[in-house]
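Encoded as structure tokens, the structure appears first; notes follow it.
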Amino acid sequence: MIRDSQSSDGMKAQTKSFLAFLALLTAIYGFWLMVFWPGVLGQDSIAILLEVNDPINQASGKPAFWYFFVKLFYSGHEHVEAPIGVIMLLSAIIQSRILSWTWSRGLKKTAIFLFVFICTAPQAIFFIGTLYPDGVYSIAIAGLLFELWIISESKKISKASLLLILVLPFAAFSRPNGIIFLVPVAVLAFWLWKKNRRASVFLTTLLAFNCLLIGVINSAHPNRSHGSLYPLVIYETVNFLQPRPMNLWVASPRVSQKTVDAMERYKPLQVYLENYDRDYWDPLVFKLDGPQVLNIPRSEKNIIIREFFRYNLWRNIPAFLSSRVNIFLTSVFAQGGLPSHTYAEHVIKIIKSESEYRIFKFTDAEKLLFNEFEVSYNIRWLLWTPFLGLALLFIAMRDGITKCNKSLLLISTPMIVQLGGIFLFSIAGEYRYILPFFTITLVFLPILQMKKHGIHTKK
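Counting from 1 along the sequence shown, just add 1455 to a position and that's the residue number in my numbering.
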């Protein structure tokens, strides 16, 4: 039976289910971390830890918020499992909130489905247990959108919605493209101004505090990110320059001479061409004998960007769109690279961490969990792809437009913007970039199920 109880008994039942889900997720995540101690570490983990150890001479390119988060929980003791443990606990809390809310509304099958196929999916645990921001970012987005929807529907702030205080910074600042999620908070605060002044003031205060926080953080540790425009421009420019046997554009060059001259003033054109990969821009940036395009002088970068929008893009629309589709689908089908479960041993030595590799020596459990991951990975086209989340997102957007449902539009619009941004600007076929569209199933499945069954929420 599906219900929407607002009684004290109903709230007690929801609290019990929250604690039950939290205990289960904490136990599962905790055991996983003990087995793969100190967690999964990759090249990005090395970069951020080196930056924490030596912020003057090292730059990871990660947002300042992520730098200070890792610094807060790593510096002093230098145990890398500490920030990973915090990430896993926060992720468990956010998901338990959604699961318990869903369970208490009588959508028990939905809650079980989400628990099994989303919260404890091998790839979800993998990224939550990795010292990359992408896992907690994806979960934080789900938590943020879920709470905003509840507040928008109920027109008030509940005690559980105070979770926004923890969730918003991770959703907005742990990745550069997260800044868009400040917008629905501002919009909801505006909507509620006449209907619930206290809720509006809370959201406005939360928004102002986070803007102040990121301002202080960025001032204390200026962002040395490579941005999103130049990487796209240089990557696609090299794509346009790839040799083609037919060479049908002899009379009208695919790329302007000014672009070629700017590139060749830094490195021979052949170096760029030899290091182009249709799925990744990494060889153009990180290979020691590659072009290392981030080091091109600013004046030449400006020429390359200007010529891209003046000439190069418009003469290569098919090549540009095919490249966008290829990288997007490479991400969706998880055909890009993943950090190795065992690479942490190498990372610990590089950064001279105090962490001990596989301290608990759960060798048999490690083999079992790794085999489970491999089975899941081999059918990732079915279990990993975010098509369910994307389908639910488009249904929510459609219902929001056709039924003038502001709450659905509030939470679906920023995800549509995110999707467009990933499609247009991604320069690497990484599954982690598309992970938020896997985890938003946590948000849209219970919400659309409630709409289907005519349940209304006030909490």
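Glycine included, every Cβ here is placed at the ideal spot set by N, Cα and C.
Being a predicted model, the structure only gives us computed values, none of them experimental.
Check	Outcome
Contact the segment 1588–1596 vs the segment 1542–1560: 3+ CB pairs below 8 Å	yes
Supposed close pair Ile1866, Asn1508 - CB separation, criterion 8 Å	39 Å between Cβ atoms; not a contact.
Selection from Ser1881, Gly1875, Gly1590 that minimises the alpha carbon distance to Val1541	Gly1590
Option in Phe1828, Ile1803, Glu1729, Pro1577 with minimal Cα separation from Val1535	Ile1803
Contiguous alpha helix (DSSP H) assignments of at least 4 residues, all confined to the segment 1512–1581	1519–1529, 1536–1559, 1563–1569
Cβ separation of Leu1647 and Lys1610, assumed to be a contact under 8 Å, to the nearest whole Å	6 Å
Extent of the continuous alpha helix (DSSP H) run through Lys1610	Note, Lys1610: premise wrong, no alpha helix (DSSP H); not H, not E.
Own chain partners of Val1898 with C-beta closer than 6 Å, once the 5 adjacent residues on each side are dropped	Ala1597, Leu1600, Phe1601
Reference Phe1491, options Leu1724, Phe1581, Phe1892, Lys1907, closest by Cα	Phe1581
Cβ-based burial, Gln1790 [other Cβ within 10 Å; buried from 16]	exposed
Reference Val1710, options Val1671, Trp1521, Tyr1766, closest by Cα	Tyr1766
First through last residue of the alpha helix (DSSP H) which encompasses Val1688	1684–1695
Reduced DSSP secondary structure (H/G/I, E/B, other) of Tyr1731	coil
Extent of the continuous alpha helix (DSSP H) run through Ile1805	1799–1806
Best match in Leu1784, Glu1827, Tyr1484, Gly1561 for proximity to Gln1901 [C-alpha to C-alpha]	Here the sequence assigns Pro to residue 1901, which means Gln is not the residue at that position. Among Leu1784, Glu1827, Tyr1484, Gly1561, the Cα nearest to that of Pro1901 is on Gly1561.
Reduced DSSP category for Ala1789 - H, G, I as helix; E, B as strand; rest coil	coil
Touching by the beta-carbon criterion (3+ pairs, under 8 Å), the segment 1879–1897 and the segment 1730–1747	yes
Backbone secondary structure at Val1710 - three-state DSSP	coil
Distance between Leu1488 and Ala1820 (C-alpha atoms, nearest Å)	11 Å
Run of the alpha helix (DSSP H) containing Ala1502, from where it starts to where it stops	1498–1508
Buried/exposed call for Gln1725, threshold 16 Cβ in 10 Å	exposed
8 Å Cβ cutoff met for Leu1658 and Val1671	no
Cutoff 6 Å; reference Ile1553; Cβ partners in own chain excluding five residues on either side	Phe1601, Leu1897
Residue range of the unbroken alpha helix (DSSP H) whose run includes Met1965	Since the displayed the chain opens at 1456 and closes at 1914, residue 1965 lies outside it and no answer follows.
Distance between beta carbons of Arg1630 and Pro1588, contact taken as under 8 Å	6 Å
Through-space distance from Phe1849 to Ser1616, alpha-carbon basis	25 Å
Short Cβ contact (8 Å threshold) for Ser1559 with Gln1498	no
Where the alpha helix (DSSP H) through His1908 begins and ends	1896–1908
Same chain only: Cβ atoms within 8 Å of Ser1680, ignoring 5 sequence neighbours per side	Gly1516, Lys1517, Pro1518, Pro1631
Selected residue, minimal CA-CA separation from Gly1438, among Tyr1731, Ser1754, Glu1755	As shown, the chain starts at 1456 and ends at 1914. That puts residue 1438 outside it, with no answer to give.
Residues bridged to Thr1585 (per DSSP)	Val1495
Nearest-angstrom Cα separation, counted from Tyr1888 out to Val1408	Absent from the structure is residue 1408, since the part of the chain shown begins at 1456 and ends at 1914.
Residues of its chain near Lys1526, where Cβ-Cβ distance is below 8 Å and the 5 sequence neighbours each way are ignored	Val1507
Boundaries of the alpha helix (DSSP H) in which Asp1819 is found, first to last residue	1818–1833
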